Every structure is written in structure tokens, then in C-alpha cells.
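Only one structure is covered here, and it is reproduced in the block below.
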Amino acid sequence: MWIVYALIVHVLLLGSIFVIYFRSPVIEGLHPQPALPAEPPADRLVLIVTDGLRADSFFTDNCNHVPHLREIFLRDGLVGISRTHVPTESRPGHIALIAGLYEDPSAVTRGWKENPIEFDTLFNRSGHTYAWGAHDVLHIFEKLTDGGRPMYFDAYHDLDFSGQQKTYKQDEWVFQRVRQLLKRKQEELRSAKKVVFFLHLLGLDTAGHVHKPGTPLFLENLQFTENEIAQIYEKFEEIFPDKRTAYLLTSDHGMTDSGSHGAGAAHETETPFMLWGAGVARSASSASSFVANDEGQKLPLHELEQAQLAPLMSALIGLPPPMNNFGMLPSGYMSVGVEYEAMAAQSNALQLLAQYIRLHEQHQRGLFTPYMKSFKKLTTLGIFDFSTKTATFAESSDMMQLALEGIDYYHGYYRNVMLFCTTATFLGWILYLYRLLIQGTSIRKQPSIGSGDASALTLSIAIGGVFLIGFIVAQFVPFAVGFYMLLPLPVWLLALRQTGSNSNIEVCDYRYPSVARSGQVSKLQFVLLIGCAELLVYTFFERRLISLCFVAFAFGSNWSNFKRNSSQFYIWILLVLVLAGFPLLPPSVGYQNRYLLLGGIVLVLLRAVLSNGSRSYSWHTKWCNPLILINTAACVHLHSQQVAIPMPLKVTSWLYLVYAIVSIQLNKEKALELRLAHILYNLSALYTLLCTSYESLFVQLLAMELSIALAAQRQGMDSLQQQYQQRSLQSSLRLAFTVLLYTFFSLFGSGNIASISSFDPNIARCFLSQFAPFMIMSLVLVKLILPVVLNLSIVYTYCDYARKQERQIFICLLIICDIMGLNFLFLVRNTGSWLEIGSSISHFVIMEATTLVLLLLSYLAKHLLRLNSCDRAVTKHH
Ligand SMILES: [Zn+2]
Ligand SMILES: [Zn+2]
């Protein structure tokens, strides 16, 4: 039953972070502001997004990589850096740019394909929108079409990243389509006003992922694209000679040196922007400058937030900002009269105020509102005054600041209360687990006795619950918030229900001396448990710390188990030291080295041949596994030569993915160690198929180290000790920590766990050549869980104790994970840079997910080892 509770509680705790920090910023029930009443400086806007082009690629080398664009910005317009938020993915980047809205990061996982809530965009406000580009991006905006506004979308679907085709072909497609449309519709377009042309150019993102920024093939794409942009600019000027076209070139996010994006490094969040044409100023206030050519000409480098571009684009063609916009119009970017700029700013301020007013109204509905805190800086009178007068730019600017502050205030109104309640839930749950653990050490299980104290407590909790529900209903607290406010109550009820049985342990202690010992130790153990958890928390912030943690734990717990001077002993020491070196290497994400990978393949084969389990392999395993390793080597070789991988090889990889699991299922072998040999062989081969460099070597060496250490531990124990050990909490704790440490080590050691989102599509090269994010993401997940399953299988095989005392070990594991999770809950930041916010949240998510995943994977490991029958016997025993 506790497993069911554990699953439920952890899923709910995982959800809490989204309710606390990631509430959707989209406010519903808003109305658009009227269009600006004066003549705008431009009639049409050309928005060009070079997907994944980072600022560095644009400005490096005195802008020599973008000579044609340089010609334009030396003559005309503004250039600078636009900062994006985390996650640096295409969807949030484009939404920030086109809707002025920083979508909550959860939407990335929830709805790449669907929009959970409708929001307003620049395109929706425009007279006409014409868009070309990749389907994945256009599709986000296409669905928002609301009646009457003609929008024309033209997208391509399949992207090829195998290197068969030049990446700039995608951009070429867009430019061709734009030319065709301009030719076909020029008459009609010349008279149209408030028109947006959106060119989404995916070539550079693909080139960055496949070839990495700065490489010759990437630069080839950049050269092509920047030249074509200059050409298409001339084409627009030719078709529309009225000089009433404004242009914006920018990108949705940047890219790291290793060709990934998603996290918050400077290379990922800093994108270039270039604004020129009708209505654009020659320079605005800026703090820094950059060198624009080899003659050393200096230009001011303008800086703004990505969402600020949305109201700016709107103002240039006389539109009100999108309803859900959070961006503030930057000052001095438009070469228009003071009145027009002030008018645009006031429209922007009113649009932000509309969002504030909506939130304020929702808050006012509550019965208890008069007795609660409210946002004092904005008054109804002040807002009324502002909306009826003609405000200056500075006044509007101040009002925008206040409105944003107010929106933030009401948006996070229940944040502290929720943090408090979630902490209470955590503590209640840890208490429950702790009691469960203590109870597990006593031999006789006492029925729980409902003492007077316990029922009084239960009663007071129930009364508290009723009052809380009353408050939540009367105050119109959002459902999700109310739910998490109530959650601590049932969890504490669960924890306190065991009061009775706990008090009986002392009675048992006199009769069973060994139990007494373990019972007393448990206080110290609990302190130790917290210590271990805290140590692991810090490894999240410093990857290299896990080496230290690993060496200390390995030597501390296993040194005495080995016979001195045996060959095993020296091999083990060597393995520990070599393994400790891996986290010091750069993360393997985006790093390719076929020689190291080849080393991994050789190691798989060597281990398979030398292992004493080799006789248990069936004839097909003996053939299939070497074959797939050769297949891997062939794919890697072809890929590195930029040759497309032929279909049969890809099909073989997919077939093996199925075979690796099925053949273990079909194996009739009963002896655990022989089964393990088969599992190790299959899963290592499968893992190698998904590697790009040293990961395969690392994971296999780790498995070897774990096997040797656990085997020595088993030998080092005589039967008497073993008996004592059966009841000792210490062993449970040690094994729980082993499982957790090896899980994190295998994840940290082979990559950067904190940015799973910044994946490397190259790991899927043996499987597919299309850029299919979901497919690749699932393969990334397979790659992440394989080492964990391997390690769990080894633990189950070599530790009788792990098989018998599984429950205790998992309770220890849960306690460690929950203590860590509680740490991360408080380390979540809601101020500071988005990098800090993003990664602190992902730590919490990883922690909560780990507990759930480990529970599930332990079942998979047991299933592969055919331990399930044995497990049932153990459960009956309890
Ligand atoms: Zn992108
Ligand atoms: Zn990308």
C-alpha cells in the first residue's frame, strides 16, 4: 500500500512546482486596445527570424560573416542584442517575439503541438499576415486565426538533418515562395496596410545542430542566408518603392558551441537583432558599442528584452500591442514625432493595465479580500486619470512598470502560502516514511491503537480542514491552489495514524536484543541520511563534486571487504580512480569522438566473451549482438563522412531495440548471474548504439566496478554478520545510497543532467535521419534509463539483502530523495536571472521524477531478472 501512497504523493508534489511557479501568464477575457489613431510610420513589416542564430555568430570577427547585412546596418537602422528567456526553444522564443508573452515553461512539455490556452499575437491584430517556414513554428500561430483577418501560411514539414542535403535548402525554399507571392500579388499588396510578412528560416538552426556553430558548413549556410536576406530586402524595396516598409531581423534563441539550445547560457539567450527601414531611428540610447568592420568603425550596440520587440513591431505599423503582451515599448527606437511615440506608449500601458485590472477584479470577488493584503501602488482613480488624459512617454513608461509589478503581485499572490503548505506536505510525508521504516525494524507488527491523543489530533486536523475549505470557497481561490493548500491534511493524517504501533517498539526491544541495537542506531542513521542527501544536493551545482562523493563512498564502504593484494582489489581501485575522472571531462552532450566510441564497442565484445556467463547466451544472441555492434560502427563511420545512413542499417537498429528486450524475456536461464550476463550484454550493446563518445565506456566501467564491489561485499560477510545485517537499517541505508549515487553518477558522468532539454540529435543517427523532436526525445529517455536499469539489475543480483529487504531500501531511498526535494523546493528562485530560475526548477523536477522513475525501473530490472516470483514471497512475509 505504501508504494501506492508514494506514487500518488510524489506525482502531486511534482505538480506543486508547476502550480507554485509556472502558472500560465495568459489572462483570459481581455479586449484589444483600439488601433493607433494617427498615421503610422510604416504600412508593412517584414519579420525575418533566423532560427537558432546566436549573437556571437553575427558579431564575431567584426561582422565579417554577414557582409551584406553589414552594408545595410552601416547605412540605416539599429542593431543590437535581444535577450531571450529560458527555455531557449523555438516555441517560447517565437511566442515572446510575436505575442510579447513569456509562456510558462511547462507549456513546452505540455503542448508543443497544441496551444493549451489561446493567446493574442501581432498576426491577429494585423490587416494581413503572410508567413513561410517550418510547419512546427508556423502552426503555433496558424491555429490562433480569428475570423476575418486573412492569414496566409505556407509551411514545409519534413526536415532532413542527415547531411544528404545542404541545410540552407530550407531557407532557399522560403525565399523562393516569398518571391513567387510578391510577383503574383504585387498590385494587391501595394495598397494594403498593416501587413506583416513573416519569414521563418530554419536552415541555421539545423546547421547549428548538425555541424555546430562556426564550422565551415555552418558558415556556408550563414553566408547563403545573409546574402539572400539582403537580396529579398532589395526585392521588397523594388516591389514597394514607397519607402514605407519596416524590417526586423532577429532569432528566436541562440545555440551553444556543441550545437544545442534550451538552457540559459549566454550563447543560448543572446540573439542578434537588426531593425531598419521605414520609421526606424538611426540610434537610440545604448550603453555599449561594437566594432562593425575591419576599419574599426564603431556602432552603438542596443540591448533589449525579446518581448519588447512585439510592441515595437506593432507600433511601427500602427497596431495596438497584442492583448497578452508583457513587453514594454523601448524608447527612441522609432524616428517619429514625440506625439506618435507617446501615443504608442500609452496604448502599450493601457494594454498592460487591462491585464492588471482583470487580475485585480478576480481578487476583489473574494469574501475575505478586505482583510487581506492588496497591491497599493495602483489605485482605481490613478488608472482612470491615466486612461482619460494624453500621457507623455515617461508617464506611460512609469505606468507600465507599475502594471507589470501589479500583475506579478497578483499572479504570485498565494506563492508563499503554497510554499508553506507544500513544505508541510513534504514533512508529513517524510514523517510517514520514517515511521514506516522504524516499524519495519520491529519483528512483531503491532496493530495500530487509536489512542486518545491520536483521535484528538485527527479531530483538530479535520476541523482545520473544514475552515480551510470554507476560506478557499469564499475567496474564490483557484482550484489548483486550493488543492495544494489542503494537501498537507491527508498526508499528516496518514503519518499520524501510525502513532499506536510506534510506541510498542520499545517493548519489543527488550525481547530481541539485535532489534534493540538497530532501533537505537536509527536516530544516528537518520542524521546520516540527511547528511548523505545534503551532499548529493551540492553535486547538482558542481558536477565535479560527484567524483569526490563517489570515491569517498566507494572506498569508505568497500575497502575493508577486499582481501589485500588480490588482483580483484587492484582492478577495483583502478576502476574507481578511472571512473572518478569522467565527470572532470566536458559533458558528452554534443561531443563526438568515434575512437572513444569504438573503444566502447570493443569493451562490450570483450566483456561478453570473457564473462563466465557467456555460455548462457542463446545462438541468436551470439550472432545478433556482434552484428549490431558492427552496424553501430558502420553508422558512425558513415555519419562522420557526411554520408546518409542507408535504410537497412536504420531498420536493423530499430529491430535490435525490440530484440534486446525480447531476447532477455525469452531466455529461460534461472541462475541470476547468468541472466545478468545476458542483460549486461544486450543493454550495453543497445546503449552503445545511442552514444556519441565516451558514454559507453563510462557506463560499462561503472557496471564492472559495481559488480566487483558488490561481489566482494558478499564474500566479505560471514553468515553471522549476514544474519545481523538482515535486520540492520544501516545496510538498507547503504544500499539505498548506492542505488541513488550510481543512478546520479551514471547520469552526471555521461552528460549534463540539468539540461535534458538541450539534447543532441546525433545520438539518434543510427535510428533516423529526420529531425523528429519527439522521436529523438524518447531515444534520449531510453539512453538515460538504460544505465539505471543495468545498475539496478546488478544490485539485485549480487545482494541477497536487496532482494529480501527491498521495502526498507526503497523507504530509505524515498526519504533521501524527499529531503533532497525539500532542499530544491527552497532553492527554487523567483528572482534573479532566468538561468537560475530555470535550472533550480529543473533540479526539483528531476528529483521528484527520480523517485518515481527508480520505483518503476526497479520493477523492470526485477522483471528482466525474473525476480517477480521471489518478490511476491517477500511481500507475503511482511
Ligand atoms: Zn528555434
Ligand atoms: Zn533547434
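Per our numbering, the sequence shown starts with residue 30, numbered consecutively. Glycine is no exception: its CB is placed at the ideal position from the N, C-alpha and C atoms. On a predicted model such as this, the values are computed, not experimentally measured, just so you know.
- For Gly109, the enclosing beta strand (DSSP E) begins and ends at 107 to 112.
- Ranked by Cα distance from Ala160, the options Gln209, Ile498, Glu835 are led by Gln209.
- The nearest non-hydrogen atom of ligand 1 is 7 Å or more from the C-beta of Gly288.
- The region 256 to 267 makes contact with the region 91 to 106, as at least three CB pairs between them are under 8 Å.
- By the Cβ test, the region 338 to 354 is not in contact with the region 313 to 322, since fewer than three Cβ pairs between them sit closer than 8 Å.
- In this structure, the beta-carbon distance from Phe404 to Gln504 does not fall below 8 Å.
- Around the beta carbon of Val55, 16 or more other beta carbons lie within 10 angstroms, which makes this residue buried.
- Per DSSP, reduced to three states, the secondary structure at Glu255 is helical.
- By alpha-carbon distance to Thr113, the top candidate from Val502, Ser280, Leu656 is Ser280.
- The beta carbon of Met303 sits closer than 6 Å to the beta carbons of Phe102, Val108, Leu278 from its chain, once the five residues preceding and following it are set aside; these are given in chain order.
- Excluding sequence positions up to five before and after Phe422, its CB lies within less than 8 Å of the CB of Ser360, Val367, Glu370, Ala371, Ala374, all in the same chain and listed in chain order.
- At a threshold of 7 Å, Gly156 does not count as near ligand 1, since its beta carbon sits no closer than that to any of the ligand's heavy atoms.
- Across the structure, Ala793 and Lys406 are spaced so that their CA atoms are roughly 54 Å apart.
- In the three-state scheme derived from DSSP, where H, G and I count as helix and E and B as strand, Ala294 is classed as coil.
- Between Leu59 and Ala383, the C-beta gap is smaller than 8 Å, which places the two residues in contact.
- Nearest in C-alpha terms to Leu815, of all of Asn791, Phe449, Leu731, is Leu731.
- As the crow flies, the alpha-carbon of Phe727 is around 14 Å from that of Leu712.
- Taken in chain order, the whole beta strand (DSSP E) runs of length 3 or more contained in the region 173 to 248 are 180 to 185, 224 to 230.
- Membership of Pro301 in any alpha helix (DSSP H) is not indicated; the residue belongs instead to the beta strand (DSSP E) covering 299 to 306.
- For a cut-off of 8 Å, the C-beta gap from Gln205 to Leu231 is around 15 Å, too long to register as a contact.
- For Phe319, DSSP records a beta bridge to Leu328.
- When secondary structure is reduced to three states using DSSP, Arg73 falls in the strand class.
- Taking a 10 Å sphere around the C-beta of Phe582, we find 16 or more other C-beta atoms and assign the residue as buried.
- Gln597 sits in a helix when the DSSP states are folded into three classes.
- Membership of His94 in any alpha helix (DSSP H) is not indicated, and neither H nor E is assigned to it by DSSP.
- The region 451 to 471 and the region 407 to 415 do not touch, with fewer than three beta-carbon pairs separated by less than 8 Å.
- For Tyr34, the closest of His157, Tyr362, Leu522 by C-alpha to C-alpha distance is Leu522.
- With a minimum length of 4 residues, the unbroken runs of alpha helix (DSSP H) contained wholly in the region 793 to 842 fall at 802 to 827, 829 to 833.
- Within the model, the alpha-carbon separation for Asn696 versus Ser887 is close to 19 Å.
- The Cβ atoms of Thr721 and Ile630 do not sit closer than 8 Å to each other.
- For Leu358, there is no enclosing alpha helix (DSSP H), since its DSSP letter is neither H nor E.
- Among the bridge pairs identified by DSSP, Leu278 is matched with Ile77, Met303.
- Judged by DSSP secondary structure, Thr158 falls within the beta strand (DSSP E) whose first and last residues are 157 to 163.
- Of the candidates Phe496, Leu348, Glu324, Ala71, Ala71 places its Cα closest to the Cα of Gly306.
- Taking C-alpha positions only, Thr158 is separated from Leu65 by approximately 19 Å.
- With contacts defined as CB atoms closer than 8 Å, Thr568 and Glu702 fail to qualify as a contacting pair.
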